[in-house]
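Quick note: the sequence shown uses our numbering, first residue 389, plus one each step.
Where is the CB? At the ideal position from N, CA and C, for every residue including glycine.
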Amino acid sequence: MQFTPVRMAEQFMESYRNHELYPTWHYENGCLLKALEELYTHTGEQKYFDYIRELMDNFIQEDGSIRSYAVEEYNLDQINQGKSLFLLLNKTGEEKYRKAADLLMVQLKGQPRTSEGGFWHKKVYPFQMWLDGLYMATPFLTQYGAATGEEKWFDKAALQLLLVEKRTRDPRSGLLYHAWDESKEQRWSSGETGCSPHVWSRAMGWYVMAIVDTLDHLPVDHEQRGQIVGIFERVANALVHVQDQQSGLWPHLLDQPGRERNYLEASGTSMFVYALAKGVRKGYLSGKFKVIAEKGYQGLLQHLLQTDREGVLSLTQCNGGAGLGGNPYRDGSYESGDGTGDTLVLFFRLIYDGAFIMYTLNNFVIQRRDGCGGEKAPAAGEGKLPISISLMQVGDVPAKENGIEQKIEEYTNTDVSVQWIPQSAFDDKVNVMVASGEMPTIMRVNYVPTTFNAAKTGLFWEIGPYLKDYKNLSAQSEAYFDNIKIEGKIYGVPNFRDIGRTAMVYRKDWFDKLKLDVPKTLDDWYEVMRSIRKDDPDGNGKEDTYGTVLFKKYNEGVSSPLTRIAVSIGGVNKWGVDDAGKLTPEFLTTEYVDTMKLFKRLFSEGLINSDFPALDPSDADKKIDSGLVAMKLNGVAQNGKSFQQRLTPNVPDGEIDVAPFQGPDGIRIAGEPGNYGMLVIPKASVSDEEQLKQVLTFLDQLMDEPLSTLQLRGLEDVHYTKTSDGKTEFKDFDGYQREVKPYRDNLLSVEGYNVAELVDVPIGMKGTKMARENEQYAIPNPALTLSSAIYTERGQELDQMIWDAQTKYIMGKIDDAAWEQEVANWRKSGGDQLISEFEASYAELNGK
389 MQFTPVRMAE QFMESYRNHE LYPTWHYENG CLLKALEELY THTGEQKYFD
439 YIRELMDNFI QEDGSIRSYA VEEYNLDQIN QGKSLFLLLN KTGEEKYRKA
489 ADLLMVQLKG QPRTSEGGFW HKKVYPFQMW LDGLYMATPF LTQYGAATGE
539 EKWFDKAALQ LLLVEKRTRD PRSGLLYHAW DESKEQRWSS GETGCSPHVW
589 SRAMGWYVMA IVDTLDHLPV DHEQRGQIVG IFERVANALV HVQDQQSGLW
639 PHLLDQPGRE RNYLEASGTS MFVYALAKGV RKGYLSGKFK VIAEKGYQGL
689 LQHLLQTDRE GVLSLTQCNG GAGLGGNPYR DGSYESGDGT GDTLVLFFRL
739 IYDGAFIMYT LNNFVIQRRD GCGGEKAPAA GEGKLPISIS LMQVGDVPAK
789 ENGIEQKIEE YTNTDVSVQW IPQSAFDDKV NVMVASGEMP TIMRVNYVPT
839 TFNAAKTGLF WEIGPYLKDY KNLSAQSEAY FDNIKIEGKI YGVPNFRDIG
889 RTAMVYRKDW FDKLKLDVPK TLDDWYEVMR SIRKDDPDGN GKEDTYGTVL
939 FKKYNEGVSS PLTRIAVSIG GVNKWGVDDA GKLTPEFLTT EYVDTMKLFK
989 RLFSEGLINS DFPALDPSDA DKKIDSGLVA MKLNGVAQNG KSFQQRLTPN
1039 VPDGEIDVAP FQGPDGIRIA GEPGNYGMLV IPKASVSDEE QLKQVLTFLD
1089 QLMDEPLSTL QLRGLEDVHY TKTSDGKTEF KDFDGYQREV KPYRDNLLSV
1139 EGYNVAELVD VPIGMKGTKM ARENEQYAIP NPALTLSSAI YTERGQELDQ
1189 MIWDAQTKYI MGKIDDAAWE QEVANWRKSG GDQLISEFEA SYAELNGK
C-alpha cells in the first residue's frame, strides 16, 4: 500500500483519541499538531483544523488557563504544544487562545537562564541548555512576537539559537553535542567544555527543525537572521558528511559511525530530511541539499517504513530515549542510550512520524519545480499576451484603476497581472515561488545567492544571446549587464539605475559659514567633522551638531561611508584586483584601514555619534532633516531634492547641495551595481523560445518613448505637463510618487533615454545630471559577479566577522594588534578560501 502523508496522518487521527497520551499537555502532542497544521495549510481541508481545535480545546479553558500545565515547572517541553494557539487565534479570534499564549509567555519570561541568557531546559535541570529545548521554545517566541508586535521576543529567540550552537559545537566535525552544562557539575558534562559526551541524531534533529520553524516568523531584516541561516548551512554541511551513503539514513550517534549497535535511526533521519527539504524550499540552502534530503527520505521508505496487518503505516528503529540525568541517572555514555527502539512506542511516533509527514509535504512543494509552473504564454496570434509579473512593494500598493497598468496593456497588447510582494517578506516569498515552481511570466528578483543557484540550475532563461535583437535593451550600457552576470551569463534584465550616482549630500550653508570645502584627504575629512561639531554652525551656542552620523549596518552593501571615502583617496570598491588577477578585500588595503583609523579618532573625540551601533538608518536621515547633521555619506546625487524638501520646514534658511566624492586626484567614486535587482523569465512559465521572444518584446517595449515617459513622468496632465519648448515638468509630484513610482522602481527605464528633459528645481536637475556624467569616474567592484562556494555557504557569517571587528575597532574596544588578529581569524574561518575561489572565478571569466 502506497505511503502518503494524508494516509499516515489520518491513521493517527483515528487511533490517537483513545490513547493515554491524548489528554496530556506535552510536547509530543505539539509534534502531531504541527504536522496536521502543515497538512491543513497545504490542502485547506477543514477536518485537520477541526482536529487541532478539538485536541487543544481539551486543555484550553475559557479564562486561558491550561489543564495539566504548571508554569512553575519552567519546563521548555511544555511550550511546544502551544504553537497551535496562534493558528486557532487567527482563525477564530477567540480570546481564550490569546490568553493561553500569554500564560505560556509568563513561563518564558521567568525561565531560569545561564549567565549569557540561555534558557535552562527545565528548572530541575539547572544551568543546562539542551538542543531539544530550542525546538520547543524558539518558534513559539517568534510566533508570539509576530502576533503581538513585541520585537524583543525575536531577539530572545535568536539569542537561544546562537548561544546553544556556540556552546555545543564540535569544532572538528561541525556537529552539535546534545547538551551543555554551564556549571560543569553534571556527571555527563565535560570538565573542559561542559558538553555531553556524544552527538545524538535526534537532538540535532530538534535543533535544525528549530531553525527552519523559527525563521518562518523571524523578520527578514532582523540583525541575527543572516547568522542563523549561516549556522544552518554549516550544520547542514556537517550532516552531509555523516549520512550513511548506502541507505541514505543517519545513525543514532552521529559521532560514532560504524560502531557496534549504532544503528540507523528513524527519528533523527525524519527530522533531518524535513529541515533540509524546508531549507531548500525557503531558499536557505542550495539545491544540492534536495538530493541529500531525498536520499534520506527514500531510505526511510525502503528500510524503515512498515505496514502492519491492519494496514497501519509507521516507522521502525526509533531510539527509545537518550536523555541525560534523571532517575535512574543517564550519564550520556554510549551504553546509556543505545536502545534499538525496534518496538514502536506511540510516545516517539508522535515525534518522528510528524517530522516524516512534514518532510513529505515540503518535498512535494520542491518537486513542483520539475513539473508545471505558472501561467503559460500563448502562441503568437492568439490575442492579447497574458503577462504576470511579481514586483516589490515599498509603501502602499498602487490602485489598478489609476491607469498605469492600462496604459502598459494598451501599448503592448497584453493582459498584465501584477503581484505586489512586500519588501519585508520579498526574498522569502521569492524563494517560495522558485521552490514551488509556481512563478509568474516575469519575476523581479534580487541579486543574491539564491538567485544564483536558481539560475545555475536552469530555472531561468539565459537571455544574453537574444539581447542584440531588441533595440532598447541592447542600447543600454554593457556595464549594467556586466554587473548582473552569473558565471559570465546574463539571466535577466536589470532594473536600471545610474552606476555613477554615488554622492555626498551636505549642508552648503554650514560649509559656507565655516569656510569649509568638500574634503579631498583624510585630514580634510577630520577638519570638516571637527568644525561642524565644535564651531556651532547652527548658531545656537550648543555643541549639538555632527558632521555625519553612522548607523547600524553602516558597513554593509554599496552605501558604506567608509568604502566611499576610501575609494575617493585611491582605494578599492569592496575588492581590488591587480594585473595578475590577485584579489584583495578592501579591509586589507591601506586606504581602508586609514579610513577606519580616521573614524576611530572621530569616535574617541566625540565627533561622531556614540549610539551608531543601535541607530536605524532612517533615524540617521531624520537627524539631517531636523538640522542636526551636515552630511549624508551613504546617499546618491538625486537625494538632494528630497532632503531639501524635508529640511526646509524645520530650517527655512537651510541649503542642501550635492557633490561627488573627491580625492587628491579629482573625482573618484565607488561605482554602484547599476540596478535594484533584475527581471528574470522563469522556464516554468515560459516554456519555449517563441514565448521567450514575446516576453522579451514586452520588456523592450517598456523602454519605448511612450512607456518610458509613463514610468518616469506619469500620465500627461495628471502627473506632468509639457512646456512650450518640449520639456516636461511635474504637476502632481506627490501623486506621481504614490501612483507611478512603484512601477518605475520595478520595471525598465533610464532617465535621459526616450524621455523629454525634466524641468526641475536646480538641485534636482544638478543631481540627475551628476549621476549620469559621473559614470566615467566610477570604480567598479571586480568581485560583484564572481562565484564562490564558501561565500554561498557562509558569506553572511564571514562578512559579519569583519563588520563586527570594524565596529569594535572604531569604538576603541580593540587595538591595531587585536584588529590584525580578527583578520587572521577571518582568514582561517574561510576568508583565504574565499579569496582563492574568487581569484579562480575571476581567472575563468577573464581568461587569466
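Query	Result
For L688 and V587, the rounded distance between their alpha carbons	21 angstroms
Same chain only: Cβ atoms within 7 angstroms of F814, ignoring 5 sequence neighbours per side	M780
Reference G1062, options V806, D1133 and Q1033, closest by Cα	D1133
Where L1057 falls: helix, strand or coil (DSSP)	Note that residue 1057 corresponds to Ile in the displayed sequence, not to Leu. Reduced to three states, the DSSP call for I1057 is strand.
One or two residues paired with D803 in a DSSP bridge	P774
When A1047, K1216, D1220 and L1222 are compared against A1159, the one with the closest alpha-carbon	A1047
Inter-residue Cα distance where the pair is A1058 and V893	15 angstroms
Buried or exposed (CB count within 10 angstroms, at least 16 for buried), H629	exposed
Of the residues L1135, T1097, P607 and E1127, the one placed nearest E1117, counting alpha carbons only	T1097
Beta-carbon proximity list for N943, same chain, < 7 angstroms, skipping 5 on both sides	L950, W1191 and Q1194
Separation of V600 from P766, as counted between CA atoms	Bear in mind that a pLDDT of 41 at P766, under 50, signals an unreliable position, so the number given afterwards is only what the model happens to contain. So the two alpha carbons sit approximately 38 angstroms from each other.
Spatial neighbours of E433 in its chain, beta-carbon cut-off 8 angstroms, leaving aside the 5 residues before and after	L427
Nearest-angstrom Cα separation, counted from I920 out to Y914	10 angstroms
Residues of its chain near T731, where Cβ-Cβ distance is below 6 angstroms and the 5 sequence neighbours each way are ignored	With a pLDDT of only 29 at T731, under the threshold of 50, the placement of this residue in the model should not be trusted; the figure read from the coordinates follows. Correct list: empty, nothing qualifies.
Spatially closest choice to D1041 from G521, Y854, K896 and C583, by CA coordinates	K896
Check whether L847 and P1070 have beta carbons under 8 angstroms apart	yes
C-alpha distance - L519 paired with N961, whole-angstrom precision	42 angstroms
Neighbourhood of E621 by C-beta distance below 6 angstroms, restricted to the same chain and skipping five residues each side	E1181
Own chain residues within Cβ distance below 7 angstroms of D926, not counting five before or after	T933 and G1015
Beta-bridge pairing of T1109 - partner residues as DSSP gives them	E1117
Status (buried if at least 16 other CB within 10 Å, exposed otherwise) for R555	buried
Complete beta strand (DSSP E) runs within the region 530-597 (minimum length 3 residues, chain order)	567-569
DSSP three-state assignment for D1220, whether helix, strand or coil	helix
Of the residues D604, I792 and I1167, the one placed nearest G1123, counting alpha carbons only	I792
Meets three-Cβ-pair contact criterion under 8 angstroms: the region 1224-1235 and the region 1195-1210	no
CB of W568 within 8 angstroms of CB of G582, strictly	yes
Beta-bridge pairing of F884 - partner residues as DSSP gives them	N1063
Where the alpha helix (DSSP H) containing R613 begins and where it ends	R613 to V628
Simplified DSSP state of T728, which is helix, strand or coil	Note that T728 has pLDDT 41, beneath the 50 cutoff, so the model's placement of it is unreliable and no number is given.
C-beta contact flag for T530 and F515 at 8 angstroms	no
Pick from L1146, V459 and P853 that is closest to L492, judged by C-alpha positions	V459
Cβ neighbours of D923 in the same chain (closer than 6 angstroms, five flanking residues each side left out)	L902
DSSP-derived helix/strand/coil call for Y651	coil
Three-state secondary structure (DSSP) of E442	helix
Residues near G761 by beta carbon distance below 8 angstroms, same chain, minus five either side	Below a pLDDT of 50, predicted positions are generally treated as unreliable, and G761, at 34, falls in that range; the measurement from the model is reported next regardless. Correct list, in chain order: G825, E826, M827, P1070, K1071, A1072 and S1073.
Residues near Q864 in its chain [Cβ-Cβ closer than 7 angstroms; skip 5 each side]	F884 and V1138
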